[in-house]
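Chemist:
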Amino acid sequence: AAMLLPALDRARTQARQAVCMSNLKQLGIAVSMYLNDYNEYFYPTVWAYTSDMGTLRGLGFMVTLNNLGYASGYMRFSGTSLVASGGILACPDTKQPRQTYCVADFNYNYYLGQASPYGKLSKVRYPSRTVLFCEGCYSQRHYAPDIWANTLTNYAYGRHFNYQMLNCLFVDGSVRALNYHEFVKENIFYP
-7 AAMLLPALDR
3 ARTQARQAVC
13 MSNLKQLGIA
23 VSMYLNDYNE
33 YFYPTVWAYT
43 SDMGTLRGLG
53 FMVTLNNLGY
63 ASGYMRFSGT
73 SLVASGGILA
83 CPDTKQPRQT
93 YCVADFNYNY
103 YLGQASPYGK
113 LSKVRYPSRT
123 VLFCEGCYSQ
133 RHYAPDIWAN
143 TLTNYAYGRH
153 FNYQMLNCLF
163 VDGSVRALNY
173 HEFVKENIFY
183 P
């Protein structure tokens, strides 16, 4: 039994990661519908919110997708802090209910919501290499080393501890699990 437990734990983690990938794929469809209705403009981002972790103001795009009916699921807040989430808006590996910290399920690429030089779908030069959402404890961010470190290695925020990959939704709608090198070293946040 002791020999099988690590293998079973890894299998469970991979199953949760597969559900997470499915949720991101559906989130990509929701974003596509949003972009069609809003003349291909991405949801705007605010520099002051880049370090927000699971707060109402930082999760503006996810809340908007949910409130407008593009994305199904729920997000429960206590004041402005996210305390629970479900449906396609959540990674099944995020601790529920959240502990002391405000933690987001998915991180929106900060650069996409910038009016200059990006902000619009047509200005993204490499849609298959540019992250739209990724697993992350931040609400919106662009600094890959912080996202990787806090999401995978910090016990309070993290997930997929024994399977070092982060799921990412790209602007073209594809979803891939990336390892450290692919996530941190390949400039996937720059459109």
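The opening position of the sequence shown corresponds to residue -7 in my numbering, with each subsequent residue numbered one higher. A virtual CB, placed ideally from N, CA and C, is assigned to each residue, including glycine.
Are the CB atoms of TYR66 and PHE181 nearer to each other than 8 Å?
Modeler: Taking 8 Å as the Cβ cut-off, TYR66 and PHE181 do not qualify as a contacting pair.
Chemist: Have a look at THR37, GLY46, ASP1 and flag the residue whose alpha-carbon is nearest the alpha-carbon of GLU127.
Modeler: The candidate whose alpha carbon is nearest that of GLU127 is GLY46.
Chemist: Would you grab the beta carbon distance between VAL13 and ASN159 for me? Rounded to a whole angstrom, and I think it's under 8 Å.
Modeler: The question names Val, but residue 13 is Met in the sequence shown. Yes, they are in contact, since the Cβ atoms of MET13 and ASN159 sit about 5 Å apart, within 8 Å.
Chemist: Please report the straight-line C-alpha distance between ALA(-6) and LEU0, rounded to a whole angstrom.
Modeler: Their Cα atoms are separated by approximately 10 Å.
Chemist: Under a three-way DSSP split, which group does PHE125 fall into?
Modeler: PHE125 falls in the strand class under three-state DSSP.
Chemist: Under the DSSP definition of a beta bridge, which residues are partnered with ARG4?
Modeler: None, per the DSSP bridge assignment.
Chemist: For the candidate residues PHE69, ALA82, TYR130, whose alpha-carbon lies nearest to that of TRP39?
Modeler: For the residues PHE69, ALA82, TYR130, the minimum Cα distance to TRP39 belongs to TYR130.
Chemist: If I follow the unbroken beta strand (DSSP E) through LEU74, where does it start and stop?
Modeler: Unbroken beta strand (DSSP E) run through LEU74: 73 to 79.
Chemist: By DSSP, does ALA107 sit in helix, in strand, or in coil?
Modeler: It is coil, neither helix nor strand.
Chemist: Does DSSP classify GLN156 as helix, strand or coil?
Modeler: Reduced to three states, the DSSP call for GLN156 is coil.
Chemist: Do PHE162 and TYR100 have their CB atoms nearer than 8 Å?
Modeler: Cβ distance not < 8 Å, so PHE162 and TYR100 don't count as in contact.
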